[in-house]
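Student:
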Amino acid sequence: MTNFLSGYSIQKWLESCPQGYLEDTVYGHEKGQIEPEAMMDNETLREGQIRTTCNLVLGERAALAASSGLVNCAPDYLSKTFLATQTLDEARHVEVFTQRLYDLGVSPADLESTLNEFGNPNLIKFAEVLLEKVDKKDFIAGVVGQNIVLEGMAFSVFEMLHAGAKVDNHKFAHVLSGTIADERRHVGFGENRIGSLIKQHPEKKAEVEKMQADMTGHMLATFHSSFAAGAAANDEAKRQGDGEEAAVYHGVDLAKASTEEMEAVLSDTVLHEFKTRLGRIGLEYQSPAA
Ligand SMILES: [Fe+2]
Ligand SMILES: [Fe+2]
Numbered sequence: 009m010t011n012f013l014s015g016y017s018i019q020k021w022l023e024s025c026p027q028g029y030l031e032d033t034v035y036g037h038e039k040g041q042i043e044p045e046a047m048m049d050n051e052t053l054r055e056g057q058i059r060t061t062c063n064l065v066l067g068e069r070a071a072l073a074a075s076s077g078l079v080n081c082a083p084d085y086l087s088k089t090f091l092a093t094q095t096l097d098e099a100r101h102v103e104v105f106t107q108r109l110y111d112l113g114v115s116p117a118d119l120e121s122t123l124n125e126f127g128n129p130n131l132i133k134f135a136e137v138l139l140e141k142v143d144k145k146d147f148i149a150g151v152v153g154q155n156i157v158l159e160g161m162a163f164s165v166f167e168m169l170h171a172g173a174k175v176d177n178h179k180f181a182h183v184l185s186g187t188i189a190d191e192r193r194h195v196g197f198g199e200n201r202i203g204s205l206i207k208q209h210p211e212k213k214a215e216v217e218k219m220q221a222d223m224t225g226h227m228l229a230t231f232h233s234s235f236a237a238g239a240a241a242n243d244e245a246k247r248q249g250d251g252e253e254a255a256v257y258h259g260v261d262l263a264k265a266s267t268e269e270m271e272a273v274l275s276d277t278v279l280h281e282f283k284t285r286l287g288r289i290g291l292e293y294q295s296p297a298a
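Our numbering numbers the first residue of the sequence shown as 9 and each following residue consecutively.
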């Protein structure tokens with residue numbers, strides 16, 4: 009395997025991640041940081057945060073299942089090594105977002121029932137398309153589905169949440185900034201590793217593009233139903249945050265935007281990212297079936 013993957017060694021990972029931006033953190037944030045009181049005291053806002061965080065946990069559980077499954081179908085040791093570090097990153101993401109649910113008042117005994125209650129069924133379908141490829145040990149489809157599609161989506165969702173949290177929740181913003189740094193590394197690996205494999209296996213293109221279209225359809229449905237479900241919490245947050253500084257994400261002030269405007273800017277951003285990243289690895293973005 010060529011050296012371009014040597015930037016993805018465990019040594020590099022140790023230096024940049026646990027000994028770098030995660031040093032001295034506790035569950036991804038500074039010791040002593042807590043969730044804001046104004047949110048914790050407001051049932052609508054607290055429930056909105058629980059709903060969002062449940063879907064982060066479910067997305068990260070899918071990423072953990074996919075990246076650990078891909079370790080055993082990777083064709084070379086540099087890829088296996090990187091995917092082993094990614095597996096630990098994803099397990100950490102599951103842990104920090106689960107911990108956030110506990111911090112938001114969910115009791116550990118109620119974790120699974122809370123995930124069932126607030127989990128978005130479209131997100132489950134999105135994950136199933138990917139995990140089916142991983143179960144078949146299909147490395148090319150698995151890496152495109154995980155490191156380009158799932159993580160491209162996660163990356164943009166985290167950035168949007170970070171733009172909002174930076175203004176009113178420094179604890180959550182800190183947790184997100186660590187996961188964003190991790191996801192950036194994962195997406196980079198996907199592009200670097202898979203481009204050459206797609207060139208060697210042009211016969212795989214149609215199948216991988218079909219998977220991307222299916223996952224994209226479930227993703228857009230996830231955004232649509234999640235923003236609709238979060239409308240009441242968004243209205244409440246706007247009332248509470250009146251006069252707060254702007255939380256700008258791709259030109260949209262999230263502190264003032266409707267959930268429809270938020271959905272539109274997030275969908276546009278993710279689809280633009282998909283087109284760019286897929287183009288770089290020699291695939292053409294496919295629109296989902298209507
Ligand atoms: Fe993750
Ligand atoms: Fe990731």
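Even glycine gets a Cβ: it sits at the ideal position worked out from N, Cα and C.
#1: So, for H226: in the same chain, excluding its five sequence neighbours on each side, which residues have a beta-carbon less than 6 Å away from its beta-carbon?
#2: Closer than 7 Å to a non-hydrogen atom of ligand 1 - does that hold for the CB of H319?
#3: Cβ of L112 within 8 Å of Cβ of T61?
#4: Take every Cβ of the segment 274-289, pair it with every Cβ of the segment 153-161, and state whether three or more of those distances are shorter than 8 Å.
#5: Check whether the Cβ of A162 sits closer than 7 Å to any heavy atom of ligand 2, and report yes or no.
#6: Report yes if the C-beta distance between H101 and A71 is below 8 Å; otherwise report no.
#7: Contact between the segment 21-33 and the segment 217-225 is defined here as three or more beta-carbon pairs at a separation below 8 Å; is this criterion met?
#8: Going by Cα to Cα distance, which pick from E268, V165, V175 is closest to R192?
#9: For S275 and F231, which I take to be in contact (beta-carbon distance under 8 Å), what is that distance rounded to the nearest angstrom?
#10: Out of V79, F105, A181, S121, which one is the CA nearest neighbour of F147?
#11: Pull up the DSSP beta-bridge partners for T33, would you.
#12: Quick check: what's the CA-CA separation for G160 versus W21?
#13: Quick check on V260: does DSSP put it in helix, strand or coil?
#14: Excluding the 5 residues flanking H258 on each side, which residues of the same chain have their C-beta closer than 6 Å to its C-beta?
#15: With H, G and I counted as helix, E and B as strand and the rest as coil, what does DSSP make of E167?
#16: Would you kindly report the start and end of the unbroken alpha helix (DSSP H) that includes I132?
#17: Measuring straight from C-alpha to C-alpha, what distance separates A263 and L169?
#18: By a C-beta neighbour count over all protein chains shown, 10 Å radius and 16 as the cutoff for buried, is S121 buried or exposed?
#19: M227 CB to nearest chain C CB: under 8 Å?
#20: Would you decide whether V195 is buried or exposed? Buried here means 16 or more other CB atoms lie within 10 Å of its CB.
#21: Taking only the alpha-carbon atoms, compute the straight-line gap between R201 and P44 and give it to the nearest angstrom.
#22: Given G56, which residues of its chain have a CB within under 6 Å of its CB, disregarding the five upstream and five downstream residues?
#23: Kindly indicate which residue of S17, S115, V114, A173 has the alpha-carbon position closest to the one of E253.
#24: In chain order, what residues of the same chain lie with their CB nearer than 6 Å to the CB of V256, ignoring the 5 residues before and after it?
#25: How many angstroms separate the CA atom of Q208 from the CA atom of V175?
#26: Give me the Cα-Cα distance between G40 and K213, rounded to the nearest whole angstrom.
#27: For A236, which of K88, A99, N128 has the nearest alpha-carbon?
#28: Would DSSP call V183 helix, strand or coil?
#29: Is any heavy atom of ligand 1 found at a distance shorter than 7 Å from the C-beta of E68?
Tutor: Let me lay it out:
#1: If you number the sequence shown from 1, residue 226 lands on position 218. Excluding sequence neighbours, H226 sits near N130, K133, F134.
#2: Because the chain here runs from 9 to 298, residue 319 falls outside it and cannot be looked at.
#3: Numbered from 1 along the sequence shown, position 104 holds the residue referred to as residue 112. Numbered from 1 along the sequence shown, position 53 holds the residue referred to as residue 61. Yes, Cβ-Cβ distance for L112 and T61 is below 8 Å.
#4: The segment 274-289 is in contact with the segment 153-161.
#5: By 1-based counting over the sequence shown, the position of residue 162 is 154. At least one heavy atom of ligand 2 is nearer than 7 Å to the Cβ of A162, so yes.
#6: Reading the sequence shown from its first residue, position 93 is the one you call residue 101. Reading the sequence shown from its first residue, position 63 is the one you call residue 71. Going by C-beta atoms, H101 is nearer than 8 Å to A71.
#7: At 8 Å Cβ cutoff, the stretches do not touch.
#8: Counted from its first residue, the sequence shown places residue 192 at position 184. If you compare the alpha carbons of E268, V165, V175 with that of R192, the shortest gap goes to V165.
#9: Within the sequence shown, residue 275 is the residue found at index 267, counting from 1. Within the sequence shown, residue 231 is the residue found at index 223, counting from 1. Indeed they touch by this definition, with Cβ atoms about 6 Å apart.
#10: Sequence index remark: in the sequence shown, residue 147 carries index 139 (1-based). Nearest to F147 by C-alpha distance, out of V79, F105, A181, S121, is V79.
#11: Within the sequence shown, the letter at position 25 stands for residue 33. Looking at the DSSP output, T33 shares a beta bridge with E38.
#12: As a working note, residue 160 is residue 152 in the sequence shown. As a working note, residue 21 is residue 13 in the sequence shown. If I take the Cα positions, the gap works out to 20 Å.
#13: Along the sequence shown, one-based indexing puts residue 260 at 252. Secondary structure at V260: strand, using DSSP grouped into helix, strand and coil.
#14: The count along the sequence shown starts at 1 and reaches residue 258 at position 250. Excluding positions up to five away in sequence, the list reads V273, T277.
#15: By 1-based counting over the sequence shown, the position of residue 167 is 159. In the structure shown, E167 sits in a helix (DSSP, three-state: H, G or I).
#16: Here residue 132 refers to the residue found at position 124 of the sequence shown. Unbroken alpha helix (DSSP H) run through I132: 129-143.
#17: Stepping through the sequence shown from its first residue, residue 263 is reached at position 255. Stepping through the sequence shown from its first residue, residue 169 is reached at position 161. Using only the alpha carbons, I get a separation of about 12 Å.
#18: Looking up residue 121 in the sequence shown gives position 113. Result: exposed.
#19: This model lacks chain C altogether; it includes just one protein chain.
#20: Counting from 1 along the sequence shown, the entry for residue 195 is found at position 187. The residue is buried, with at least 16 neighbouring Cβ atoms inside 10 Å.
#21: For the purposes of this step, residue 201 is taken as residue 193 along the sequence shown, with counting starting at 1. For the purposes of this step, residue 44 is taken as residue 36 along the sequence shown, with counting starting at 1. Near 41 Å, if we compare the C-alpha coordinates of P44 and R201.
#22: Numbered from its first residue, the sequence shown carries residue 56 at position 48. Excluding positions up to five away in sequence, the list reads G238, A241.
#23: As a first step, residue 253 is located in the sequence shown; it is residue number 245 there, counting from the start. For E253, the nearest C-alpha among the options comes from A173.
#24: The residue you call residue 256 lines up with position 248 of the sequence shown. So the list is empty, once near-sequence residues are dropped.
#25: The residue given as residue 208 occupies position 200 in the sequence shown. The residue given as residue 175 occupies position 167 in the sequence shown. Distance between the alpha carbons of Q208 and V175 is about 47 Å.
#26: One-based indexing of the sequence shown puts residue 40 at position 32. One-based indexing of the sequence shown puts residue 213 at position 205. So the two alpha carbons sit approximately 49 Å from each other.
#27: Taking the first residue of the sequence shown as position 1, residue 236 is located at position 228. Closest option to A236, Cα to Cα, is N128.
#28: In the sequence shown, counting from the first residue as 1, residue 183 sits at position 175. Per DSSP, reduced to three states, the secondary structure at V183 is helical.
#29: Taking the sequence shown and counting its residues from 1, the one referred to as residue 68 is at position 60. Ligand 1 approaches E68 closely enough that one of its heavy atoms is under 7 Å from the residue's Cβ.
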